Amino acid sequence: MTQVLLIQTGNTLPSIAEKEEDFDLWFKRSMAPAVLDVRQVHNQQALPDPGQVTAAVVTGSPAMVSHRHPWSEQTAAWIREFVPLGRPLLGVCYGHQLIAHALGGMVGPNPHGRGIGTVGVTFESTASGDALFGGLVGATVNAQISHVEAVLERPPGAVAIGRCDHDPNHVLQFGPCTWGVQFHPEFTESITRGYVQGRIQALQAEGIDTDAVMASIVDTPVAAALLSKFIEIVGIRNAA
């Protein structure tokens, strides 16, 4: 059975958790039948020795990478040890940004403002041959987003393989088997709507047309399939 370390870096909004549960269960459903070892680093749960981990996923978070919380910086240090081992690693939203930060990139508030709802992510020719995204070259794929910060400068050696209108670094390949996505493959249409509703006052205060955002939210099956593809890659590597 494929085993993956899930590095959980936060929790969803209480209003969403009441109906939709939380990050760990969203990933468990999306990554079945893999067995996930969940470590809530934001709650001070320790990470295993990097050498004992065959693959890992870093989740999103309501926290900000630029705030440099001690638990976040400790996780960044763990990432710096894990990446050279050449084992599969995927960062989602905060996790995407944290990998970039850990490897020498710059993360901060997106100059285009908050991103929320469903957006189109276009995959560049730079994704050609990539194990996770190679089949999407030239395609624009709908994906769910909810974030304030973004990767402003890529770390040395990182390649942008997917972009959206407000973020040229939306999907990054940090190495042959290390990736980061700003979008949320674990979000359903319902979860994304829950984020808009849960933050509606803040969104409207920022001048965001929440009615237009809600109207644009659609199902995102191709983006959601990313997690199953990642598990497939992990299984192939473990069997080799």
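At the far end of the sequence shown sits residue 261, using this note's numbering, and the numbering has no gaps.
Ideal Cβ placement from N, Cα and C applies to all residues, glycine included.
Keep in mind it's a predicted model, so treat the numbers as computed, not measured.
Alpha carbons only, please: which of the options is nearest the one belonging to residue i?
{"i": "Thr161", "options": "Met235, Ser211, Asp186 and Trp99", "result": "Asp186"}
{"i": "Gly201", "options": "Glu94, Thr96, Leu124 and Ile120", "result": "Ile120"}
{"i": "Gln203", "options": "Arg184, Gly196 and Phe48", "result": "Arg184"}
{"i": "Gly72", "options": "Phe48, Ala38, Gln95 and Pro105", "result": "Pro105"}
Assign residue i to buried or exposed, taking buried as 16 or more other Cβ atoms, counted over all protein chains shown, within 10 Å of its Cβ.
{"i": "Ala98", "result": "exposed"}
{"i": "His88", "result": "exposed"}
{"i": "Ile137", "result": "buried"}
{"i": "His133", "result": "exposed"}
{"i": "Arg175", "result": "buried"}
{"i": "Arg220", "result": "buried"}
{"i": "Val56", "result": "exposed"}
{"i": "Gly112", "result": "buried"}
{"i": "Ala226", "result": "exposed"}
Measure the alpha-carbon distance for residue i versus residue j and round it to whole angstroms.
{"i": "Thr75", "j": "Ala179", "result": "22 angstroms"}
{"i": "Tyr216", "j": "Leu46", "result": "17 angstroms"}
{"i": "Ile224", "j": "Asn259", "result": "Per the sequence presented here, residue 224 reads as Leu, with Ile not at that position. Roughly 44 angstroms between the two C-alpha positions."}
{"i": "Phe208", "j": "Gln165", "result": "6 angstroms"}
{"i": "Ala236", "j": "Thr139", "result": "10 angstroms"}
Keeping to the same chain, check which residues put their C-beta closer than 6 angstroms to that of residue i; ignore five residues upstream and five downstream.
{"i": "Ile212", "result": "Glu41"}
{"i": "Met52", "result": "Leu248 and Ile252"}
{"i": "Gly116", "result": "Val79 and Thr80"}
{"i": "Gln66", "result": "Arg60"}
Leaving out five residues before and five after residue i in sequence, what residues of the same chain have Cβ atoms less than 8 angstroms from its Cβ?
{"i": "Cys198", "result": "Gly107, Arg108, Pro109, Leu110, Ala152, Ile254 and Arg258"}
{"i": "Phe44", "result": "Gln29, Gly31, Asn32, Thr33, Thr80, Gly81 and Glu207"}
{"i": "Ile182", "result": "Phe144, Glu145, Thr147, Ala148, Asp151, Phe154, Val192, Leu193 and Gln194"}
Leaving out five residues on either side along the sequence, give the residues of the same chain with a beta carbon under 7 angstroms from the beta carbon of residue i.
{"i": "Ala210", "result": "Here residue 210 is Glu; the residue named in the question, Ala, does not match the sequence. Hits under 7 angstroms: Ile238, Val239 and Asp240."}
{"i": "Glu170", "result": "Met85, Val86, Ser87, Gln118, Val128, Gly129, Pro130 and Asn131"}
{"i": "Ala77", "result": "Val25, Leu26, Ile28, Phe103 and Leu110"}
{"i": "Leu90", "result": "Just to set this straight, residue 90 is His in the shown sequence, not Leu. Cβ neighbours of His90 beyond the five flanking positions: Ala84."}
{"i": "Ala245", "result": "Ser51 and Pro206"}
{"i": "Val234", "result": "Ile137, Gly138 and Val217"}
Just to confirm the assignment: which complete beta strand (DSSP E) runs, minimum length 3, are found wholly within the region 180 to 244? 180 to 185, 188 to 196 and 199 to 202
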